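One structure is given here, and the rest of the page talks about it.
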Amino acid sequence: MAGTNLVIVGGFLGAGKTTSILSIAKYLLGNGKKIGIVTNDQGSDLVDTNFLAKEGLPVLEVTGGCFCCNFDEFTAKVNELAKSEMPDVILAEPVGSCTDLIATIFKPIMHNYINQFVLRPLSIVADPKRVKKLMMEKEGSLFPNEINYLFRKQMEEADIIVLNKADTLTEEEIRKITSFLKEEFKGTDVLAVSAKNGTGIQEWIQVVMGREAMPGRSLDIDYDTYALAEEYLGWLNSTALLKAGKPINVNSLVESLMDEIKAKLKDMNREIAHLKIYGVAQDEWVKASITSIHDEIDFNKTMEKEAAEFNLIINARVNTDPETLRPLVETVLADVCSKADVKVEHLKTECFKPGRPMPKYRMG
Ligand SMILES: Nc1nc2c(ncn2[C@@H]2O[C@H](COP(=O)(O)OP(=O)(O)OP(=O)(O)O)[C@@H](O)[C@H]2O)c(=O)[nH]1
Ligand SMILES: [Mg+2]
Numbered sequence: 528m529a530g531t532n533l534v535i536v537g538g539f540l541g542a543g544k545t546t547s548i549l550s551i552a553k554y555l556l557g558n559g560k561k562i563g564i565v566t567n568d569q570g571s572d573l574v575d576t577n578f579l580a581k582e583g584l585p586v587l588e589v590t591g592g593c594f595c596c597n598f599d600e601f602t603a604k605v606n607e608l609a610k611s612e613m614p615d616v617i618l619a620e621p622v623g624s625c626t627d628l629i630a631t632i633f634k635p636i637m638h639n640y641i642n643q644f645v646l647r648p649l650s651i652v653a654d655p656k657r658v659k660k661l662m663m664e665k666e667g668s669l670f671p672n673e674i675n676y677l678f679r680k681q682m683e684e685a686d687i688i689v690l691n692k693a694d695t696l697t698e699e700e701i702r703k704i705t706s707f708l709k710e711e712f713k714g715t716d717v718l719a720v721s722a723k724n725g726t727g728i729q730e731w732i733q734v735v736m737g738r739e740a741m742p743g744r745s746l747d748i749d750y751d752t753y754a755l756a757e758e759y760l761g762w763l764n765s766t767a768l769l770k771a772g773k774p775i776n777v778n779s780l781v782e783s784l785m786d787e788i789k790a791k792l793k794d795m796n797r798e799i800a801h802l803k804i805y806g807v808a809q810d811e812w813v814k815a816s817i818t819s820i821h822d823e824i825d826f827n828k829t830m831e832k833e834a835a836e837f838n839l840i841i842n843a844r845v846n847t848d849p850e851t852l853r854p855l856v857e858t859v860l861a862d863v864c865s866k867a868d869v870k871v872e873h874l875k876t877e878c879f880k881p882g883r884p885m886p887k888y889r890m891g
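Under the working numbering, the first residue of the sequence shown carries the number 528, and numbering increases by one thereafter.
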């Protein structure tokens, strides 16, 4: 069997796709394999791309829309990686608001590229706190129904549902959630892993690499509801150069930014899908994430030294409109920086709601 393995790792915003890809990549590299990664977003200036590149991994990105709406760019990036890196495995992360991947990515790839790539089954990573909300539907979720519909559809088309963040669950919870998922999405493999500490990653790789994708029926999906789900999400990507009079603790500044944004959204009862902030000064960097207004900030890495000049990237996906989100984030940035005596230069922000998904190809 010839060709590069193409492994697509989807799932809702903040589920842990990038952390999973990093964990899989490290495992494969440790076993002498070469890898490449393609990231994806509705906007540009991505925390994920910068973070993975800083980890020393070959990464290309498709920005300005999902893989299915930019199918030709997606395959161009995959081909570019295949040529430049000659990887054994390419890992691709579709944007977390995207679904219907079998009809719009898998089938077109199999139709056009069957000899070049060995397409592996579709993994959908799921955050246990969102699955728990599905299990207790009566309690409801802070997200509108359309977003819950999208989350459910993502899992419906999975070959493998990867229940991530198992390190946050008891054995009993893992057992209950796994059997719920198996019952709800019959015929789908369900694996419990922790992308963060590596538990279950080897087994996941074995399952993915053990068989080829065999796309069955395309998802039965209502594009109006899917489009509404995307519309309910305000999307913000900002970059800025920050300068302080003397070296400051960048970790604390990032923490204050996140705390303030979270507090303001909590007051408005607006749920965060994923807010991530990445700060970089020369060879040092910090990355922090939060995936709900009820969660604590999670630092993937902090800076050891203080810095007087550094770049920030803020990526926020929140259940609010862009007209609210942009001033909220920019005001918090201005306030927090002013308190820390830091000047904000070259602030560039794009803030929008994703347009209706318009796949280049859809094979039913
Ligand atoms: N406890 C725990 N946290 C995790 C695990 N995997 C990911 N996370 C955390 O979940 C948050 C989101 O992880 P990402 O990997 O950025 O999620 P993503 O799905 O790529 O997010 P988007 O690209 O925004 O859709 C981060 O704070 C991670 O550290 C895990 O196995 N356990
Ligand atoms: Mg990601």
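Glycine included, each C-beta is placed from N, C-alpha and C at the ideal position.
Nothing here was measured: the structure is a model prediction, and the numbers come from that model.
Distance cut-off 7 Å: residue i Cβ against heavy atoms of ligand 1
i: H821; result: no
i: S816; result: yes
i: N827; result: yes
i: G541; result: yes
i: G714; result: no
i: T695; result: yes
i: A685; result: no
i: S650; result: no
i: G570; result: no
i: A653; result: no
i: V764; result: The question names Val, yet the displayed sequence has Asn at residue 764. No.
i: K803; result: yes
Reduced DSSP category for residue i - H, G, I as helix; E, B as strand; rest coil
i: V781; result: helix
i: H638; result: helix
i: L542; result: The amino acid at residue 542 is misidentified as Leu; the sequence shows Ala. Three-state result, A542: coil.
i: T766; result: strand
i: I535; result: strand
i: E739; result: coil
i: E823; result: coil
i: G557; result: helix
i: E811; result: strand
i: K659; result: helix
i: L760; result: coil
i: D686; result: coil
i: L718; result: strand
Sequence-distant residues of its chain with Cβ nearer than 6 Å to residue i (five each side left out)
i: N838; result: L768, V807
i: C625; result: C593
i: E877; result: G570, N764
i: R883; result: A754
Close-in-space but distant-in-sequence residues of the same chain around residue i (CB under 8 Å, 5 per side omitted)
i: K870; result: L769, K770, A771, C864
Any non-hydrogen atom of ligand 3 within 7 Å of residue i CB
i: P671; result: Of the ligands this structure carries, namely ligand 1 and ligand 2, none is ligand 3.
Proximal residues to residue i (C-beta, below 7 Å), its chain only, five neighbours per side dropped
i: R738; result: P648
i: V785; result: Strictly speaking, residue 785 in this sequence is Met, with Val absent from that position. For M785, where only same-chain residues beyond five positions count, the Cβ hits under 7 Å are L802, I804, A815, I817, I824.
Which complete beta strand (DSSP E) runs does the stretch 838-884 hold, if anything under 3 residues is left out? 869-879
Would you list the residues whose beta-carbon is nearer than 5 Å to any heavy atom of ligand 2, in the order they occur in the chain? K544, T545, D575
Which whole runs of the alpha helix (DSSP H) in the stretch 580-646 are 4 residues long or more, in chain order? 598-612, 634-640
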